[in-house]
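Remarks on the structure that follows.
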Amino acid sequence: MNFDLTPEQDQLRDAVRALGRKYGHGYFVEKAKAGAHTTELWQEAGRLGYLGVNIPTEYGGGGGGITELAIVCEELAAAGCPLLLLVVSPAIAATVINKHGTDEQRKRHLPGLADGSQKIVFAITEPEAGSNFHRLGTVARRDGDDWLLTGRKCYISGVDEAGHVLVVARTEDASTGKLKPALFIVPTDAPGLERSKLDMEILSPENQFLLYLDDVRLPADALVGESLDAGLPALFSGLNPERITIAAMGAGTGRYAIERASGYTATRTVWGGKSIGSHQGVAHPLAHAAVQVELARLMIHKAATLYDAGRDLEAGVAGNMAKYAAGEAAALAVDTAVQALGGAGMTTEYGVATLLGAVRAGRIAPVSREMILNFVAQHVLGQDKSY
Ligand SMILES: Cc1cc2nc3c(=O)[nH]c(=O)nc-3n(C[C@H](O)[C@H](O)[C@H](O)COP(=O)(O)OP(=O)(O)OC[C@H]3O[C@@H](n4cnc5c(N)ncnc54)[C@H](O)[C@@H]3O)c2cc1C
């Protein structure tokens, strides 16, 4: 059992940490409040190769794995810059296209994803289906060689920043007549694709959208992979990277909050000469949150290691557990940090309450804590499926 990062991974962590600190949470909040994006940070991370760490070198990436991308997600979040689009673009879209796309799709999209000049966001959630992906109603029909996509998607992050959206639709299987999933790379300016921004109570420079697809016409090569058979494995291939990187972002956010709070409580005095952190009522909740974050980090490391070793099924269990643990730990850490900071915790200046919405959302998306508990109950504990 090895708990150490390689020297290269250590260097990556230090370098990403330095980049994150150069921008910091103040920058993240300023952009969010202005309705702007963290473009400078994204572009610099792209130039430095951090956005493409998991993309093969032949496409301009770093040739690493999800372990490396999780380091990038965690360290930027630990500097107060949790970038959700790292999860949808390099983690989900790049993995799906690299593993299941055609040669032509890899050549067309991976270099831009690697250097950050291109973003591809991910659209699976639908208003009627919610957590039940078996109910997806977005349908792709053949029209000659073309495809026509019709349906609705909700909460889709980053559509305004992306050139393409990877849309999960359903197609009719000619052999069985049943609908089966298929993924399409859809230009965000395609005729028939409309979007409207959702008002969310999350302070973030990244936005969520409703998407309306009304007979969006796509060429045959918009379908991910050589045939419809690629659909299901392509969809599943995005799940582990998604779980692991969102977990890393949660752990980083938890670290950030605890660091902000413990720096404050170690020096703030209101009862004579002793710091408020000397009171166990203040220190223990922070220590408890630190333990939860560290446990989550351990599971993230395990999940990423299993995934990069090609042990997908085991990585699925570990990745779900890591996502659950990190989601809970991040929410606990931010809430605890706000409390320890007192009134300062609610100020913009101390930069902790600004994360309350994001960590709350992290217990719901991209997969809710309840759906993970369902997964663990069924696949680890052998319980009957309840739904
Ligand atoms: C900030 C944010 C960003 C997002 N970005 C994206 C994106 O980029 N792309 C995308 O496709 N989606 C995105 N989503 C959507 C997200 O994946 C969904 O919100 C999530 O999967 C839950 O679906 P739902 O909101 O429809 O909840 P519902 O399915 O309606 O569930 C509501 C509640 O009921 C619980 N529940 C439902 N079924 C069960 C069950 N069988 N057992 C126990 N509990 C159950 C859920 O856990 C949840 O707590 C985003 C969401 C948010 C908040």
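Sequential numbering of the sequence shown, starting at 103, is according to the working numbering. For every residue, glycine included, the Cβ atom is placed at its ideal position computed from N, Cα and C. Predicted model, so just to flag it, every value in this text is computed and none were measured.
(request) Inspect the beta-carbon positions of residue 341 and residue 240 and report whether they are closer than 8 Å. (result) no
(message) If you follow the alpha helix (DSSP H) that residue 311 is in, where does it begin and where does it stop?
(response) It is not in any alpha helix (DSSP H) - residue 311 instead sits in the beta strand (DSSP E) that spans 310-320.
(message) Among the candidates 356, 199, 354, 384, whose CA atom is the shortest distance from the CA of residue 367?
(response) 384
(message) Here's the rule I'm using: 16 or more other beta-carbon atoms within 10 Å means buried, otherwise exposed. How should residue 94 be labelled?
(response) No answer is possible for residue 94: the residues shown for the chain start at 103 and end at 489.
(request) Would you tell me roughly how many angstroms separate the C-alpha atoms of residue 376 and residue 343, rounded to the nearest one? (result) 45 Å
(message) Just to confirm, is the Cβ distance from residue 499 to residue 350 under 8 Å?
(response) Lying before the first or after the last residue shown, residue 499 is absent from the chain, which here runs from 103 to 489.
(request) Using three-state DSSP, classify residue 139 as helix, strand or coil. (result) coil
(message) With distance defined between alpha-carbon atoms, name the residue in 403, 133, 479 nearest to residue 104.
(response) Each of 403, 133, 479 was checked against the Cα of residue 104, and the nearest Cα belongs to 403.
(request) Please work out which residues of its chain come closer than 7 Å, Cβ to Cβ, to residue 429, disregarding the five sequence neighbours upstream and downstream, and give them in chain order. (result) If we look at residue 429 and ignore the five residues flanking it on each side, its Cβ neighbours are 352, 464, 465, 471.
(request) Provide the residue(s) that pair with residue 287 in DSSP beta bridges, ordered along the chain. (result) Paired residues: 268.
(request) Could you spell out where the beta strand (DSSP E) holding residue 250 opens and where it closes? (result) 248-259
(request) Quick one: using the 10 Å Cβ neighbour count with 16 as the cut-off for buried, is residue 373 buried or exposed? (result) exposed
(request) For residue 386, count neighbouring Cβ atoms within 10 angstroms of its own Cβ and tell me buried if that reaches 16, exposed if not. (result) exposed
(message) Can you tell me whether residue 232 sits near ligand 1, meaning its C-beta is under 7 Å from at least one heavy atom of the ligand?
(response) yes
(request) Determine, using beta carbons only, whether residue 417 and residue 359 come nearer to each other than 8 Å. (result) no
(request) Report all residues from its chain with a CB closer than 8 Å to the CB of residue 291; omit the five preceding and five following residues, and keep chain order. (result) Cβ-Cβ distances below 8 Å link residue 291 to nothing in the same chain once the five nearest sequence neighbours on each side are left out.
(request) Please go through the same chain and pick out, in chain order, the residues whose beta-carbon is closer than 7 Å to the beta-carbon of residue 266, but skip the five residues on each side of it. (result) 222, 287, 288, 289, 290
(request) Output the distance between the C-alpha atoms of residue 190 and residue 363, rounded to the nearest integer angstrom. (result) 30 Å
(request) Pick out whichever of 415, 448, 163 has its Cα sitting closest to the Cα of residue 478. (result) 415
(request) Answer yes or no: do residue 242 and residue 355 have a C-beta to C-beta separation smaller than 8 Å? (result) no
(request) Tell me whether residue 298 sits in a helix, a strand or coil according to DSSP, three-state version. (result) In the structure shown, the three-state DSSP call for residue 298 is strand.
(request) Less than 8 Å between the CB atoms is what I'm expecting for residue 261 and residue 311, so what's the real figure, rounded? (result) 4 Å
(request) In the DSSP assignment, find the alpha helix (DSSP H) that holds residue 405 and state where it starts and stops. (result) 382-410
(request) Could you tell me the distance, in whole angstroms, from the CA atom of residue 232 to the CA atom of residue 256? (result) 9 Å
(message) According to DSSP, simplified to helix, strand and coil, what is residue 197?
(response) helix
(message) So for residue 377, helix, strand or coil by DSSP?
(response) strand
(message) If you follow the alpha helix (DSSP H) that residue 357 is in, where does it begin and where does it stop?
(response) For residue 357, the uninterrupted alpha helix (DSSP H) run begins and ends at 341-367, by DSSP.
(message) Tell me the rounded alpha-carbon separation between residue 285 and residue 244.
(response) Looking at the two C-alpha atoms, the distance is approximately 14 Å.
(request) Could you say which of 146, 200, 331 lies nearest to residue 125 if we only look at CA atoms? (result) Residue 125 has its Cα closest to that of 146, out of 146, 200, 331.
(message) Going by DSSP, what residue range makes up the alpha helix (DSSP H) through residue 463?
(response) 458-463
(request) Could you please give me the residues that DSSP links to residue 223 through a beta bridge? (result) Per DSSP, 267.
(request) Run through the segment 404-453 for me and flag every whole beta strand (DSSP E) of 3 or more residues, listed as ranges in chain order. (result) Runs of the beta strand (DSSP E) inside the segment 404-453: none found.
(request) Determine, using beta-carbon pairs with one atom in the segment 155-166 and one in the segment 122-142, whether at least three such pairs fall under 8 Å. (result) no
(request) Can you grab the Cα-Cα spacing for the pair residue 476 / residue 399, in whole Å? (result) Using only the alpha carbons, I get a separation of about 22 Å.
(request) Could you tell me the distance, in whole angstroms, from the CA atom of residue 170 to the CA atom of residue 184? (result) 16 Å
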